[in-house]
Amino acid sequence: MKLNVKYFASIRELVGVSTQVLDTQAATLGGLRDELIALGGARAEALARGRAVRMALNQIMCDESAALVEGAEVAFFPPVTGG
């Protein structure tokens, strides 16, 4: 299925792009993250399992078990702090 993937803040800086259309076999957000990590390089570093990464599906914050659907918008971003 095709997804619109967006990267924000430090993740965008590491990956080097802010958006991409991605064809995936993943069924969940966690599966997509694992696919992107498996590609290696900057994506693997930015989305590594040891890093805190927040995810949204169609602009709603979700955990890794959220089911993906054709044409969905997925966003990856680091946790933010305010002050």
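So the sequence shown is numbered by numbering that gives the first Met the number 0: it starts at 0 and just counts up by one.
The beta carbon of each residue, even a glycine, is placed where N, CA and C say it ideally should be.
Nearest-angstrom beta carbon gap, residue j and residue i [assumed within contact, 8 Å]
{"i": "residue 45", "j": "residue 13", "result": "4 Å"}
Neighbourhood of residue i by C-beta, 7 Å cutoff - its chain only, sequence neighbours within 5 removed
{"i": "residue 9", "result": "77"}
Nearest neighbour of residue i, chosen from the options [CA to CA]
{"i": "residue 21", "options": "27, 15 and 31", "result": "31"}
{"i": "residue 35", "options": "59, 79, 69 and 4", "result": "4"}
{"i": "residue 18", "options": "38, 67 and 7", "result": "7"}
{"i": "residue 0", "options": "63, 75, 67 and 74", "result": "67"}
{"i": "residue 92", "options": "75, 64 and 47", "result": "In this structure the chain extends from 0 to 82, so residue 92 is not present and cannot be described."}
Boundaries of the alpha helix (DSSP H) in which residue i is found, first to last residue
{"i": "residue 21", "result": "Not the alpha helix (DSSP H): residue 21 falls in the beta strand (DSSP E), residues 18-22."}
{"i": "residue 46", "result": "40-46"}
{"i": "residue 13", "result": "8-14"}
Delimiting residues of the beta strand (DSSP E) encompassing residue i
{"i": "residue 84", "result": "Only positions 0 to 82 of the chain appear in this structure, which leaves residue 84 out of reach."}
{"i": "residue 31", "result": "From DSSP, residue 31 is part of no beta strand (DSSP E) but of the alpha helix (DSSP H) over 28-37."}
Cutoff 6 Å; reference residue i; Cβ partners in own chain excluding five residues on either side
{"i": "residue 72", "result": "3 and 57"}
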